[in-house]
Amino acid sequence: MLVDKLNKYLRLIRFDKPIGTLLLLWPTLWALLVAYHGVINFKVYFAFIMGVFLTRSAGCAINDFADVKFDGNVARTKNRPLVSGELRRRDALVVTLVLSVLALIIALICLKTTTLLWTVPAFFIFVTYPFFKRFFPVPQLYLAIAFSLGILMAFVEAGVGINLNAILLFLANLFWVLAYDTIYALVDIKDDLKVGMKTSAITLGKFVIPIILISYIILIILMVNVAYFEKFSAVFWICLAICTLLIIKIMIDIKDKNPEKCFKAFLFNNYIGMVLCVGFALSYWLR
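Residue numbering for the sequence shown follows our numbering, beginning at 60 and increasing consecutively.
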């Protein structure tokens, strides 16, 4: 009985689907590596990694709370715990609150006061994102800001402030999120049109594929600038070349907007984040 109940809560926070956590984690690690020049501060890394997991999990819970009336009409989400009645909306609110408090406690123990101030806008954006899908034509852009604030927080925590590298990484991640979450939106576009949801895939219409490509190109250009200013060695350029090949594969897979291929292409973005993270790490550690 207890195991069954726990499983329902784990499904609520998408514990069985870690892709969202990973896509939030990689850019956070990029930022920590660049801000600290490859030096590992275990307390800070612990705080940020736990913050990523707890914040994303809380975001999933509040998302299901907000979308429960819509999720039943979408093939991909119709079996979520709140839709099926396995959990109540109140349960989702309690989970959101508990996870948010845990994240705050860890931040209070491990991070500087100046960094803590950034948790306020970050938390606000995460919990309000599900409601933006009702009226904002490009909610993916709002999510991109939420997924990028951790980058700025890493630089503030490192004591270097919001410098040029912080801005470059922030913008790079913003365009990356816009690209992959628009691909994700292509998966549900028919259902979203039926229920009246707003997404970038719907708003951009026939321009959606070109905009995704442009977003990826901007990601690569901004990463080139970070590598140039940090004087990275060949290892990073090799990783960046691999990422470019991954992007080419993704663009080929989504050209027909097939939902199944788009979903696989969305998942493939995990490798882009991971390869870039390896590139950043080795560029510092092999100096």
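Each residue gets a CB set at the ideal place from its N, CA and C atoms; glycine is no exception.
None of these values were measured; they are calculated from a predicted model.
{"Check": "Any non-hydrogen atom of the ligand MG within 7 Å of Leu305 CB", "Outcome": "Among the components of this structure there are no ligands whatsoever, and the ligand MG is therefore not found."}
{"Check": "Spatial distance of Leu103 from Ile331 (CA atoms)", "Outcome": "The question names Leu, yet the displayed sequence has Val at residue 103. Distance between the alpha carbons of Val103 and Ile331 is about 24 Å."}
{"Check": "Beta-carbon separation (whole angstroms), Leu281 vs Leu335, contact threshold 8 Å", "Outcome": "The pair is not a contact, with the Cβ atoms about 11 Å apart (cut-off 8 Å)."}
{"Check": "Other residues of its chain near Met109: CB distance less than 6 Å, five sequence neighbours each side excluded", "Outcome": "Ile165"}
{"Check": "Thr258 versus Ser342 - alpha carbon distance", "Outcome": "37 Å"}
{"Check": "Enclosing alpha helix (DSSP H) for Glu145 [first to last residue]", "Outcome": "Here Glu145 belongs to no alpha helix (DSSP H), and DSSP marks it neither H nor E."}
{"Check": "Val98 in three-state terms, based on DSSP", "Outcome": "coil"}
{"Check": "For Asp130, the three-state DSSP class (helix, strand or coil)", "Outcome": "helix"}
{"Check": "Validate contact between the stretch 77-87 and the stretch 208-217 using beta carbons, cut 8 Å, 3 pairs", "Outcome": "yes"}
{"Check": "Proximity to Arg147 [Cα-Cα], best of Ala120, Thr172, Leu167 and Ile309", "Outcome": "Ala120"}
{"Check": "Beta-carbon proximity check, Lys316 vs Leu202, cutoff 8 Å", "Outcome": "no"}
{"Check": "Length of the line joining the Cα atoms of Arg139 and Asn328", "Outcome": "24 Å"}
{"Check": "Unbroken alpha helix (DSSP H) run spanning Gly209, endpoints", "Outcome": "Pro198 to Ala217"}
{"Check": "Coil, strand or helix - Trp344 by DSSP", "Outcome": "helix"}
{"Check": "Nearest-angstrom Cα separation, counted from Phe124 out to Leu152", "Outcome": "7 Å"}
{"Check": "Span of the alpha helix (DSSP H) around Thr187", "Outcome": "Thr178 to Phe191"}
{"Check": "Cα-Cα separation between Ala213 and Thr187, rounded to whole angstroms", "Outcome": "23 Å"}
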